[in-house]
Amino acid sequence: MVYGIIMLCTFFMCLLFNPTSELPVVTFFGRIMVFTLIALLSLIVYYSKEELTVKAWWVRTVMHLLLLEAVLLPLAHSWGFWQSGTDILIYAGFILLAKALWHLVDYGLSAKTAVQINERIRKNRLDQRMRKD
Amino acid sequence: MKVTVEQVNQEREEELIVRCHDPSEAWVEAVRETASGQRTVCGWREDTLHRVKLSEIFYFEVVDDRSFLYTQSEVFEAKEKLYEFERLCAGSALFRCSKSMVLNAEKIDYVRPSLSGRFEAVLSNGEKVVVSRKYVSDLKRMLGV
Chain A
1 MVYGIIMLCT FFMCLLFNPT SELPVVTFFG RIMVFTLIAL LSLIVYYSKE
51 ELTVKAWWVR TVMHLLLLEA VLLPLAHSWG FWQSGTDILI YAGFILLAKA
101 LWHLVDYGLS AKTAVQINER IRKNRLDQRM RKD
Chain B
134 MKVTVEQVNQ EREEELIVRC HDPSEAWVEA VRETASGQRT VCGWREDTLH
184 RVKLSEIFYF EVVDDRSFLY TQSEVFEAKE KLYEFERLCA GSALFRCSKS
234 MVLNAEKIDY VRPSLSGRFE AVLSNGEKVV VSRKYVSDLK RMLGV
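Each protein sequence line maps, in turn, to chains A and B. Letter by letter, the first sequence follows residues 1 to 133 of our numbering. Letter by letter, the second sequence follows residues 134 to 278 of our numbering.
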């Protein structure tokens, strides 16, 4: 999922800032893989021996975003994905968007699972009631 | 040991027959307790030891290295560690739901997702507990999803 979102964002970035560039396919996918690896490694921010509280989760989510911006922006600059002052804001916005999209997709999948579980709980309860009657 | 499970229709009564060499063996007792829903664990409250039925436990939680059993409205301190309690509950409706908790699936009223990728389980006594993504598959398997 992380790979897919980063690929999509990078594609749109190239389309926006450098539509005429011809990046070799291997280089393009290689760079995206590096981005993905960094994004996955940065998830260590969420590591905790104990279950995170909602507040702790939000704090770490902000920390994670800052870490992503701090690592990915200079790297993207060195690869020429952004050049000027306004570009950096748009690129930072893309990273924020990618992270938000990831959480939203994740939430959607969780919501689907929750519906399945709740349906099953209802069904099991109904079965139990019928058995008792 | 040979295990045979036969599915019967709703009209027939559910029955468990144990054919064993020694009826006093621990596993036979465990089967008996499980089948009757009477499997118990020890819990302390105000310096008094209580036997708490597994079926009455809502969840087991470890807080600051101390273990607690929560029922509908009572809290007992337990001596077991999380992994020991998890082993004790094998085969029951209790399952590990997070890093510090074992939850009774039969006490869940409903679950709802949260942005953090975890689930919030609302129990039949109104309490809310967290179910980690890592353990959701166990809950699904237990419920038959």
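C-beta atoms are modelled at their ideal positions from N, C-alpha and C, and glycine is treated no differently. Values in this document were obtained by computation on a predicted structure and should not be read as measured data.
Close Cβ partners of residue i (< 8 Å) along its chain, the five nearest in sequence each way excluded
| i | result |
| --- | --- |
| SER206 of chain B | ASN258 |
| LYS232 of chain B | SER265 |
Short CB-CB distance (under 9 Å) between residue i and chain A
| i | result |
| --- | --- |
| ARG152 of chain B | no |
| GLY250 of chain B | yes |
| GLY277 of chain B | yes |
| ARG229 of chain B | no |
| ARG266 of chain B | yes |
| LYS273 of chain B | yes |
Chain-ordered chain A contacts of residue i [CB-CB under 7 Å]
| i | result |
| --- | --- |
| ILE241 of chain B | ILE121 |
| ARG245 of chain B | ALA114 |
| VAL269 of chain B | THR113 |
| VAL263 of chain B | GLU51 |
Residue-level contact to chain B via CB, residue i, 9 Å cutoff
| i | result |
| --- | --- |
| LEU149 of chain A | Nothing can be reported for residue 149 of chain A, as the shown portion of chain A is limited to 1 through 133. |
| SER110 of chain A | yes |
| TRP79 of chain A | no |
Chain-order list of residues whose beta-carbon lies under 7 Å from that of residue i (same chain, five-residue window excluded)
| i | result |
| --- | --- |
| ARG31 of chain A | TRP79 |
| LEU182 of chain B | CYS175 |
| THR204 of chain B | VAL185, GLU189, ILE190 and PHE191 |
| GLU69 of chain A | ALA92 and ILE95 |
| PRO246 of chain B | PHE252 |
Chain-ordered chain B contacts of residue i [CB-CB under 8 Å]
| i | result |
| --- | --- |
| ARG131 of chain A | GLN143 |
| VAL54 of chain A | SER247 and SER249 |
Residue i: contacting residues in chain B (beta-carbon distance under 7 Å)
| i | result |
| --- | --- |
| ILE90 of chain A | Here the premise fails: no neighbours, minimum Cβ distance about 25 Å. |
| GLU50 of chain A | LYS232 and SER233 |
| TYR107 of chain A | PRO246 and LEU248 |
| ILE117 of chain A | VAL244, LEU272, LYS273, LEU276 and VAL278 |
| TRP57 of chain A | SER249 |
Residue i CB to nearest heavy atom of the ligand SAH below 8 Å
| i | result |
| --- | --- |
| TYR203 of chain B | Annotation note on the ligand SAH: not contained in the displayed structure, which lists no ligands. |
Close beta carbons around residue i, own chain, < 6 Å, minus the five adjacent residues each side
| i | result |
| --- | --- |
| GLU51 of chain A | none |
Separation of residue j from residue i, as counted between CA atoms
| i | j | result |
| --- | --- | --- |
| LYS49 of chain A | GLU162 of chain B | 37 Å |
| GLU210 of chain B | CYS222 of chain B | 17 Å |
| MET63 of chain A | LEU37 of chain A | 18 Å |
| PHE29 of chain A | ALA39 of chain A | 15 Å |
| ASN118 of chain A | VAL278 of chain B | 10 Å |
| ILE90 of chain A | LEU66 of chain A | 15 Å |
| ARG129 of chain A | TYR47 of chain A | 42 Å |
| THR173 of chain B | ILE150 of chain B | 21 Å |
| ARG152 of chain B | ASP197 of chain B | 44 Å |
| LEU109 of chain A | LYS273 of chain B | 14 Å |
| PHE201 of chain B | MET234 of chain B | 10 Å |
Chain-ordered neighbours of residue i on chain B, where CB pairs are closer than 9 Å
| i | result |
| --- | --- |
| HIS64 of chain A | Going along chain B, no residue has its Cβ under 9 Å from HIS64 of chain A, so there is no contact; the nearest lies around 12 Å. |
**Asked** Quick check: the stretch 184 to 195 of chain B against the stretch 135 to 142 of chain B, are there 3 or more CB pairs under 8 Å?
**Response** no
**Message:** Closer than 8 Å is the cut-off here; do at least three beta carbon pairs connect the stretch 74 to 90 of chain A with the stretch 112 to 129 of chain A?
**Reply:** no
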